[in-house]
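K.L.:
Number of protein chains: 2
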Amino acid sequence: MNRPKTPSLAVDLIIELTDRTGSQIVLIQRRNPPPGWALPGGFVDVGETLEAAARREALEETGLQVQLKVLLGCYSDPARDSRGHTVSAVYVAESRGQPRAGDDAAGIGVFDALAPPQLAFDHALILSDYRRYRETGMPAPLRG
Amino acid sequence: MNRPKTPSLAVDLIIELTDRTGSQIVLIQRRNPPPGWALPGGFVDVGETLEAAARREALEETGLQVQLKVLLGCYSDPARDSRGHTVSAVYVAESRGQPRAGDDAAGIGVFDALAPPQLAFDHALILSDYRRYRETGMPAPLRG
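Dropping the structure here:
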């Protein structure tokens, strides 16, 4: 049967720390290229749901157990990752406590979602959609 | 660099025919296994956005040019397609006119979304989420 080659599939998370004031979210400093700050996330395993992949990646990369709240949107621009076409399902999640960097991260930080640092990939666009979601309740707009 | 194997990626569409009364949507009768009625859809090409894949599949399978309205949700249960783990992004779209079956379809039909025929894959679940969306405006619930 026909199983054509399709884009790689990933998940990314906006982890809200609900035990802090303001709109504090977790970002990781990447150890691997491309460098810079990014949302926690990673590739989905065959046999794993998107939701399970998101919880697993959150735990691996931040040490946090998260509760997924909503699918913000899917990001699929072929140019969003220069390593190859990767589609990401992005979830908004909640957690509390102190994040700790996993092995894949050079560092970890907590930032105001309204004033994030410069971000890798299209993660600045994703956070822009997140801020709109916080204001309006609307998911990420369809694009392309 | 590391490009792990990830699930296959597909799109499916709930195409609302806005020039008809009621909640009329387009279903196709599959030519290839598994048999039965199903939402129009198919695999995403590398280099193609999800939105472009959805519009392309709608045109190929139904002859309809569609306007995408909203991402209903992502369906990622590893058991949802017995041919292999396939994650589907499902869009609600609008169109008008007469659908025509493409080469991949044995037939095409217009059905009331409230009373669909028996459906292949997890498409009955998807339509159940769609009816909830129509009633409440809520996207598909997170699962798994």
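Heads up: the protein sequence lines correspond to chains A and B, in order. In terms of the working numbering, the first sequence is residues 7 to 150. In terms of the working numbering, the second sequence is residues 7 to 150. Using N, Cα and C, we set each Cβ at its ideal position, and we do this for glycine too. Please read all numbers here as calculations on a predicted model, not as lab measurements.
What is the rounded straight-line gap between the Cα of residue 46 (chain A) and the Cα of residue 29 (chain B)?
P.N.:
Those two C-alpha atoms are separated by around 40 Å.
K.L.:
Taking DSSP's pairing of strands, which residues face residue 66 (chain B) in a bridge?
P.N.:
Paired residue(s): none; residue 66 (chain B) is not in a bridge.
K.L.:
In angstroms, rounded to a whole number, what distance separates the CA positions of residue 81 (chain A) and residue 133 (chain B)?
P.N.:
Straight-line Cα distance between these residues: approximately 23 Å.
K.L.:
Which residue wins for smallest C-alpha separation from residue 11 (chain B), given the options A:10, A:14 and A:9?
P.N.:
The option with the nearest alpha carbon to residue 11 (chain B) is A:14.
K.L.:
Skipping 5 residues on each side, what residues in its chain have a beta carbon closer than 7 Å to that of residue 90 (chain B)?
P.N.:
So the list reads 14, once near-sequence residues are dropped.
K.L.:
Using only alpha-carbon positions, find the residue among B:150, B:42 and B:140 that is nearest to residue 125 (chain B).
P.N.:
Taking only the C-alpha atoms, the option nearest residue 125 (chain B) is B:42.
K.L.:
In the DSSP assignment, find the alpha helix (DSSP H) that holds residue 141 (chain B) and state where it starts and stops.
P.N.:
Counting along the chain, the alpha helix (DSSP H) containing residue 141 (chain B) begins and ends at 129–142.
K.L.:
Closer than 7 Å, CB to CB, is residue 9 (chain B) near chain A or not?
P.N.:
Residue 9 (chain B) counts as touching chain A.
K.L.:
Between B:58, B:22 and B:51, which lies nearest to residue 9 (chain A) when the distance is taken from Cα to Cα?
P.N.:
Checking every option, the nearest Cα to that of residue 9 (chain A) belongs to B:51.
K.L.:
Look at the alpha carbon of residue 130 (chain B) and the alpha carbon of residue 104 (chain A), and state the distance between them as a whole number of angstroms.
P.N.:
For residue 130 (chain B) and residue 104 (chain A), the distance between alpha carbons rounds to 42 Å.
K.L.:
Between the alpha carbons of residue 49 (chain B) and residue 27 (chain B), how many angstroms are there, rounded?
P.N.:
If you take the alpha carbons of residue 49 (chain B) and residue 27 (chain B), they lie about 31 Å apart.
K.L.:
Name, going along the chain, the residues of the region 118–134 of chain A whose beta-carbon falls closer than 8 Å to a beta-carbon of chain B.
P.N.:
For the region 118–134 of chain A, which is checked against every Cβ of chain B, not one residue is closer than 8 Å.
K.L.:
State the Cα-Cα distance for the pair residue 109 (chain B) and residue 128 (chain B), rounded to the nearest angstrom.
P.N.:
Looking at the two C-alpha atoms, the distance is approximately 23 Å.
K.L.:
If you draw a straight line from the alpha carbon of residue 3 (chain A) to that of residue 114 (chain A), how long is it in whole angstroms?
P.N.:
Outside the displayed span of chain A (7 to 150) sits residue 3 (chain A), for which this structure offers no information.
K.L.:
Locate the beta strand (DSSP E) running through residue 93 (chain A), then write down its first and last residues.
P.N.:
Counting along the chain, the beta strand (DSSP E) containing residue 93 (chain A) begins and ends at 92–101.
K.L.:
So if DSSP puts residue 17 (chain A) in a beta bridge, which residue, or which two residues, is it bridged to?
P.N.:
In DSSP, residue 17 (chain A) forms a bridge with A:48 and A:95.
K.L.:
DSSP state of residue 36 (chain A), grouped into three classes?
P.N.:
Looking at residue 36 (chain A) - three-state DSSP - the assignment turns out to be strand.
K.L.:
Less than 7 Å separating the beta-carbons of residue 148 (chain B) and residue 74 (chain A)?
P.N.:
It is a contact, given that the beta carbons lie within the stated cut-off.
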